[in-house]
Amino acid sequence: DAKTTQPPSMDCAEGRAANLPCNHSTISGNEYVYWYRQIHSQGPQYIIHGLKNNETNEMASLIITEDRKSSTLILPHATLRDTAVYYCIVRVTDSWGKFQFGAGTQVVVTP
Amino acid sequence: DAEITQSPRHKITETGRQVTLACHQTWNHNNMFWYRQDLGHGLRLIHYSYGVHDTNKGEVSDGYSVSRSNTEDLPLTLESAASSQTSVYFCASSVGQKAFFGQGTRLTVV
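Listed in order, the protein sequences are those of chains A and B. The first sequence: position 11 = 11 (my numbering), numbered continuously. Quick note: to get my numbering, add 111 to the position in the second sequence (first position is 1).
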């Protein structure tokens, strides 16, 4: 599975959009981009995933560049409860659920 | 609601003892996984299973074993606990593109 690069930390003001970047320059054509987050002391939580089209759900939006070498997770209106470590993961669809977690981005939402 | 539960949530054990951590899911997912999480290492895969009687080693499997006798459960056994196995352990199950994680078990080996 391709490796990802994320900034180690970022701050965001409550109520503002949080834009989390992820580089995955070695991504293959059959690899999806996934985002998970881990709130302190809890298990990771699925947020969103996509292949090449932009995706949106009730939690976030995922923007994938046309060359698929990078993506951005957007939390449209950050709340204090969005403070967490966010993981960007790329994996092939036939990996049967094996996820390789990197260090992620520590996001702190401030009042 | 369907869920994945781990027990116990916290455990302290002595070096050399056998320890079993339980993981139970009610989604009827075929795929189940055990990860450990340590500062500086993130989440690392220990063992995984794609179905009943199927088990596979992950990247940090030494000193651990699993068995899958039914769809719902994947217990993780530490054969002889070592201080290096002090960690937070997460169980997960998956279907399709999504994995769902338990709340974790904090294990301390003294």
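Ideal Cβ positions, reconstructed from N, Cα and C, are used throughout, including at glycine.
Please report the straight-line C-alpha distance between residue i and residue j, rounded to a whole angstrom.
{"i": "A78 of chain A", "j": "N19 of chain A", "result": "10 Å"}
{"i": "Q148 of chain B", "j": "R37 of chain A", "result": "14 Å"}
{"i": "A17 of chain A", "j": "G153 of chain B", "result": "26 Å"}
{"i": "M143 of chain B", "j": "V199 of chain B", "result": "17 Å"}
{"i": "R81 of chain A", "j": "T216 of chain B", "result": "22 Å"}
{"i": "R128 of chain B", "j": "S204 of chain B", "result": "27 Å"}
{"i": "Y175 of chain B", "j": "L150 of chain B", "result": "20 Å"}
{"i": "I89 of chain A", "j": "K98 of chain A", "result": "11 Å"}
{"i": "T54 of chain B", "j": "L218 of chain B", "result": "Shown here, chain B extends from 112 to 221; a query on residue 54 of chain B therefore has no answer."}
{"i": "S61 of chain A", "j": "N139 of chain B", "result": "29 Å"}
{"i": "G15 of chain A", "j": "R91 of chain A", "result": "32 Å"}
{"i": "I157 of chain B", "j": "W145 of chain B", "result": "5 Å"}
From what residue to what residue does the beta strand (DSSP E) around residue i run?
{"i": "S160 of chain B", "result": "153 to 162"}
{"i": "L132 of chain B", "result": "130 to 136"}
{"i": "H121 of chain B", "result": "121 to 124"}
{"i": "T116 of chain B", "result": "115 to 118"}
{"i": "E31 of chain A", "result": "31 to 38"}
{"i": "Q6 of chain A", "result": "Q6 of chain A -> no beta strand (DSSP E), and no H or E assigned at all."}
{"i": "N141 of chain B", "result": "Neither: N141 of chain B is in no beta strand (DSSP E) and is coded neither H nor E."}
{"i": "S28 of chain A", "result": "Note, S28 of chain A: premise wrong, no beta strand (DSSP E); not H, not E."}
{"i": "N167 of chain B", "result": "165 to 168"}
{"i": "L150 of chain B", "result": "First-last for L150 of chain B: undefined, no H or E at that position."}
{"i": "P186 of chain B", "result": "Per DSSP, P186 of chain B belongs to no beta strand (DSSP E) and is neither H nor E."}
Would you please state the rounded distance, in angstroms, between the beta carbons of residue i and residue j? I believe it to be under 8 Å.
{"i": "Q214 of chain B", "j": "Q42 of chain A", "result": "6 Å"}
ask   = Where in the region 40 to 107 of chain A do unbroken runs of the beta strand (DSSP E), each at least 3 residues long, occur, reported from the N-terminal end onward?
value = 45 to 50, 61 to 64, 70 to 75, 84 to 92
query = Are the region 62 to 75 of chain A and the region 25 to 32 of chain A in contact at 8 Å, needing three or more beta carbon pairs?
reply = yes
query = Just checking, does the region 174 to 190 of chain B make contact with the region 132 to 142 of chain B on the three C-beta pairs under 8 Å criterion?
reply = yes
query = Using 8 Å as the threshold, is the region 159 to 166 of chain B in touch with the region 115 to 130 of chain B, meaning 3 or more CB pairs across them?
reply = no
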